[in-house]
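A.B. asks:
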Amino acid sequence: MKPDFERCRQAATLLLLEQKEQHMAVQVRSLSFQKKIMIDSIQHFSHLTGAPVYQFTGRKGLLKDGCTIVYQGIYLVLYNVSEINQQRLNWTLAHEIGHIYLEHQTDGALQEVEAHAFASHLLVPGIVLNALQNEGTALTKESVSSIFSISLTAAEKRLATFQKRPDIPFSEEERQLLRAYQPLIDQYTEQQSFCSKVDSPIYAEENAAMIEKMTLHWLYDGI
Ligand SMILES: [Zn+2]
Numbered sequence: 001m002k003p004d005f006e007r008c009r010q011a012a013t014l015l016l017l018e019q020k021e022q023h024m025a026v027q028v029r030s031l032s033f034q035k036k037i038m039i040d041s042i043q044h045f046s047h048l049t050g051a052p053v054y055q056f057t058g059r060k061g062l063l064k065d066g067c068t069i070v071y072q073g074i075y076l077v078l079y080n081v082s083e084i085n086q087q088r089l090n091w092t093l094a095h096e097i098g099h100i101y102l103e104h105q106t107d108g109a110l111q112e113v114e115a116h117a118f119a120s121h122l123l124v125p126g127i128v129l130n131a132l133q134n135e136g137t138a139l140t141k142e143s144v145s146s147i148f149s150i151s152l153t154a155a156e157k158r159l160a161t162f163q164k165r166p167d168i169p170f171s172e173e174e175r176q177l178l179r180a181y182q183p184l185i186d187q188y189t190e191q192q193s194f195c196s197k198v199d200s201p202i203y204a205e206e207n208a209a210m211i212e213k214m215t216l217h218w219l220y221d222g223i
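By UniProt numbering, the letter at position 206 of the sequence shown is numbered 206, and the numbering carries on one by one without gaps.
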């Protein structure tokens with residue numbers, strides 16, 4: 001059997017569409033789910049239940065980054081609290097949510113690939129990447145990592161897949177998602193063009209006063 005990338009993409013799109021508000025940097029812990037999903041750390045779960053932590057070690061003998069337990073129709077997503085890299089932790093959670101939404105019953109190689117594909121579409125929707133590119137954003141691993149708050153490695157992989165398989169044609173649901181993201185895309189591109197204007201010598205003088213005002217505002221606001 002081959003991974004069903006279309007299904008991963010569609011499931012991630014639908015979950016994003018269910019959200020009241022969109023954010024360029026999707027934080028999995030802030031998402032609302034129509035399924036019963038709880039997120040906790042492996043260590044806290046072990047402490048509460050007395051289940052030994054070693055039950056959550058992977059093949060290499062290290063504690064897993066994350067895993068999902070189903071109990072009486074409730075999905076409990078557990079993550080390793082010692083993971084201090086928030087971007088990596090967010091990806092792990094997106095991956096686990098992928099297993100749930102793709103209704104995986106096993107955790108084989110195919111399911112792993114699909115859960116990663118789901119995570120990549122959830123955190124970086126292809127149609128949003130496409131729109132950013134059309135509106136003049138140079139897509140580099142640095143820009144993608146910073147816009148969507150994912151690691152540089154994840155951004156590099158996402159870009160490689162996007163360039164190889166640009167998700168075209170987009171589904172009706174993806175176009176609907178793009179409409180929800182459009183204000184964020186506009187905001188980002190406007191910000192970028194402002195920054196490039198600031199850097200340009202023609203605008204430097206004209207903007208100097210404004211920048212000074214903004215800096216003062218930034219420095220003193222909230223004191
Ligand atoms: Zn997995």
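C-beta atoms are modelled at their ideal positions from N, C-alpha and C, and glycine is treated no differently.
It should be emphasised that the depicted structure is a prediction, and the values quoted were computed from it without experimental measurement.
Between the alpha carbons of residue 176 and residue 17, how many angstroms are there, rounded?
C.D. replies: 8 Å
A.B. asks: Per DSSP, what kind of secondary structure is residue 42 in: helix, strand or coil?
C.D. replies: helix
A.B. asks: Near residue 53, which residues of its chain fall below 6 Å by C-beta distance, leaving aside the five closest residues on each side in sequence?
C.D. replies: 46
A.B. asks: Could you tell me the alpha carbon to alpha carbon distance between residue 221 and residue 191, rounded to whole angstroms?
C.D. replies: Low confidence applies to residue 221: its pLDDT is 48, below 50, so where it sits in the model is not reliable enough to give any reading.
A.B. asks: Grouping DSSP H, G and I as helix and E and B as strand, with all else coil, what is residue 57?
C.D. replies: Looking at residue 57 - three-state DSSP - the assignment turns out to be strand.
A.B. asks: Which parts of the UniProt domain "IrrE N-terminal-like" (84-159) are runs of the alpha helix (DSSP H), unbroken and 4 residues or longer, counting only runs that do not cross its ends?
C.D. replies: 86-101, 109-123, 126-134, 141-148
A.B. asks: Should residue 69 and residue 76 be called a contact, given that it needs their Cβ atoms to be closer than 8 Å?
C.D. replies: yes
A.B. asks: Name, in chain order, the residues that DSSP records as bridge partners for residue 70.
C.D. replies: 75
A.B. asks: Nearest to residue 186 by alpha carbon, out of 174, 162, 135, 143?
C.D. replies: For residue 186, the closest of 174, 162, 135, 143 by C-alpha to C-alpha distance is 135.
A.B. asks: Thinking C-beta only, is residue 149 closer than 8 Å to residue 51?
C.D. replies: no
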